[in-house]
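**Q**
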Amino acid sequence: MICLMVRGGAAVGSALLYGGPVWPMMVVLLVWGIAIVPDSGIYSTLVADTAPPERAGSLLTVQTALGFLLTAFTVQTAPALAAVTGWAWVLAIMALGPVVGIRAMQLLIRRDHGAISAR
1 MICLMVRGGA AVGSALLYGG PVWPMMVVLL VWGIAIVPDS GIYSTLVADT APPERAGSLL
61 TVQTALGFLL TAFTVQTAPA LAAVTGWAWV LAIMALGPVV GIRAMQLLIR RDHGAISAR
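In our numbering, the protein residues as written are 1 to 119.
What follows is the structure, given as structure tokens:
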């Protein structure tokens, strides 16, 4: 969740810094890039740990494919959206992904704590 929070903050920060001095923007983008690196491993681990063992491989394949699809969609649509709204808005909108991810993690944690408490 920390990586998601950093990513969301970096998205909002880059939106606020857009059009300003280059160095602060570069620092925020660097932090954003570093915070994205753990995503694939974290999500793959979550799928592998929570999936039924007989379905883990298929679900990991689906998760990986959806990740690539989302990336391709974002790369293709961001410039078109920026042409309409401007890059600052596109960067701010990218904070929605981490917000959804944080909420999903909260629900997963709550579910797991409830299951542990029920035992």
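A virtual CB, placed ideally from N, CA and C, is assigned to each residue, including glycine.
1) Hey, alanine 136 and alanine 15: beta-carbon distance below 8 Å or not?
2) Taking proline 98 as the reference, which of Tyr18, Tyr43 and Asp49 has the closest Cα?
3) Kindly indicate which three-state DSSP category tyrosine 43 falls into: helix, strand or coil?
4) What are the start and end residues of each continuous alpha helix (DSSP H) run of 4 or more residues lying completely inside the region 42 to 89, in chain order?
5) Using beta-carbon positions only, say whether alanine 3 and alanine 35 come within less than 8 Å of one another.
6) Helix, strand or coil: how does DSSP classify valine 100 here?
7) Just the Cα atoms here: how many angstroms apart are leucine 30 and glycine 8?
8) With glycine 8 as the anchor, note down where its alpha helix (DSSP H) starts and where it stops.
9) Put valine 31 into one of helix, strand or coil per three-state DSSP.
10) Identify, in the order they occur along the chain, each residue of the same chain with its Cβ nearer than 6 Å to the Cβ of tryptophan 87, setting aside the five sequence neighbours on each side.
11) Expressed to the nearest angstrom, what Euclidean distance is found between the alpha-carbon atoms of threonine 64 and alanine 78?
**A** In brief:
1) As displayed, the chain neither begins before 1 nor continues past 119, which places residue 136 out of reach and without an answer.
2) Proline 98 has its Cα closest to that of Tyr43, out of Tyr18, Tyr43 and Asp49.
3) Here tyrosine 43 sits in helix by DSSP.
4) Qualifying alpha helix (DSSP H) stretches, in chain order: 56 to 85.
5) Note that residue 3 is cysteine in the sequence shown here, rather than alanine. In this structure, alanine 35 lies closer than 8 Å to cysteine 3 by Cβ.
6) helix
7) 13 Å
8) 2 to 17
9) helix
10) Within the same chain, tryptophan 87 has close Cβ partners Tyr18.
11) 21 Å
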